[in-house]
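Single-structure report; data block below.
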Amino acid sequence: MSNVAVLLPAYNEEVAIASMILLSSKYADEVIVIDDGSSDRTSDISKLAGATVLRHETNEGKGAALKTGFMYAKDFDIIVTIDADGQHNPAEIPDVIKPIEDDVADIVNGSRYINGTDKNTPKYRRVGQTVLDTATNIASGVKLTDTQSGFRAFSSDSVKYFNFDPDGFGIESDMLIEASNNNLRITEVEITVRYDVETSTDNPVVQGLSVLMRILEIMRFNRPLYFYGISGSIILFFGILILLTIRNTIYGGNIYLMAIGIFVMIMGIILFLSGIFTDTMTRFKK
Ligand SMILES: Nc1nc2c(ncn2[C@@H]2O[C@H](COP(=O)(O)OP(=O)(O)O)[C@@H](O)[C@H]2O)c(=O)[nH]1
Ligand SMILES: [Mg+2]
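Quick note: my numbering has the sequence shown finishing at residue 310, numbered continuously throughout.
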């Protein structure tokens, strides 16, 4: 039997944390709560429920909390992360760790969407998630269906590849990109997520945009052809659009608009060429 640690990163989760600890402890040798500067009774309740509590005095974000947790738990065979807000079901921990126990994966991503749609997910969330899934999949080169999932299992060997960049909520995507860059085996298993207990603090639109910006930044280095290619194509498209819309007025002599259209087109082509150039450079470096 493997040694299993469960990490619960928590920010003001006094309502849900005790049941998450008790339900998780059935499947774990140690349950570790990382209280990330909560102003409620998250720490007290977690200790009463029998968890190990690691506390940050101020709120440092989920990435920093996971870093603290992973460093503490590095000697366990398998490390499981679960959201502390009650949206995940600890009874599914055995399913999530099984591919690691069977040595067919280094990282297991719990996904709501393996078999297509999850009718419980609010529509507006699904739109943002699809954008982030697409961007993360392009940046990492793997095909996953739920890249923002917080319910995951990790072999202890995989931990050393993570940088735990402290900025914002990019941690879920970051870990997948770093794992695939280091050729770790990533697989998905189906999990359920409930929405009747949702207490999300951040506005999902703001949260989604900040994750997207981070992914684009990573993509610029890891997949330059995509990054410059897509942005170059979009700009080129606008240049052509401007030229097409003034086509009928050219004889009217709208020389300025035409100049702008041509300028925008050239910008697009330059961006596109930058992509090919950067891509070639990185290939030489590898
Ligand atoms: N350590 C830490 N955990 C956080 C922070 N913000 C959210 N979390 C935890 O991350 C998990 C997911 O957060 P949540 O807001 O529910 O995200 P969502 O379900 O994806 O909207 C929960 O366990 C939260 O307690 C934070 O600033 N620090
Ligand atoms: Mg949540």
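Yeah, the Cβ is synthetic: ideal placement off N, Cα and C, and Gly gets one too.
For Val30, count neighbouring C-beta atoms within 10 Å of its own C-beta (all shown protein chains included) and say buried if the count is 16 or more, exposed if not. Residue 30 sits at position 6 when you count from the first residue of the sequence shown. Label assigned to Val30: buried.
Report all residues from its chain with a CB closer than 8 Å to the CB of Ile286; omit the five preceding and five following residues, and keep chain order. Counting from 1 along the sequence shown, the entry for residue 286 is found at position 262. Non-local beta-carbon contacts of Ile286 in its own chain, meaning distances under 8 Å to residues more than five positions away in sequence, involve Gly263 and Leu267 in chain order.
Determine the DSSP secondary structure at Thr306, reduced to helix, strand or coil. Mapped onto the sequence shown, residue 306 falls at position 282. Of the three classes helix, strand and coil, the one that applies to Thr306 here is helix, per DSSP.
Taking DSSP's pairing of strands, which residues face Phe178 in a bridge? On the sequence shown, residue 178 is found 154 positions in, with the first residue counted as 1. Within the DSSP bridge table, the entry for Phe178 names Ile103 and Ile131 as partners.
Any heavy atom of ligand 1 inside 7 Å of the beta-carbon of Glu81? Taking the first residue of the sequence shown as 1, we reach residue 81 at position 57. No, since every heavy atom of ligand 1 falls outside the 7 Å radius drawn around the Cβ of Glu81.
Skipping 5 residues on each side, what residues in its chain have a beta carbon closer than 7 Å to that of Gln153? As a working note, residue 153 is residue 129 in the sequence shown. Gln172, listed in sequence order.
Kindly indicate if chain D contains any beta-carbon less than 8 Å away from that of Phe261. Here chain D cannot be found, since the structure has a single protein chain.
Range of the contiguous beta strand (DSSP E) that encloses Ile189: Start at 1 with the first residue of the sequence shown, and residue 189 comes out as number 165. One detail in the question is off: residue 189 reads as Asp in this sequence, not Ile. Boundaries cannot be given for Asp189, as no beta strand (DSSP E) includes it and DSSP labels it neither H nor E.
Buried/exposed call for Val230, threshold 16 Cβ in 10 Å: For the purposes of this step, residue 230 is identified with residue 206 of the sequence shown, where counting begins at 1. Label assigned to Val230: exposed.
Arg150, enclosing beta strand (DSSP E) - first and last residue: Your numbering for residue 150 matches position 126 in the sequence shown. Taken as a continuous stretch (DSSP letters only), Arg150 belongs to no beta strand (DSSP E), being part of the alpha helix (DSSP H) at Lys147 to Ser164.
Measuring alpha carbon to alpha carbon, tell me which of Val57, Ser62 and Asn246 ends up nearest Gly74. As a working mapping, residue 74 is identified with position 50 in the sequence shown. It is Val57 whose Cα lies nearest to the Cα of Gly74.
Is the beta carbon of Glu222 within less than 7 Å of some heavy atom of ligand 2? In the sequence shown, the residue the question calls residue 222 occupies position 198. Glu222 Cβ: within cutoff of ligand 2.
Going residue by residue through the region 242-274, where are the continuous alpha helix (DSSP H) segments of at least 4 residues, counting only ones entirely within it? 248-270
According to the neighbour-count rule (16 or more other Cβ atoms, all chains shown, within 10 Å of its Cβ), is Met237 buried or exposed? Taking the first residue of the sequence shown as 1, we reach residue 237 at position 213. Per the 10 Å Cβ criterion, exposed.
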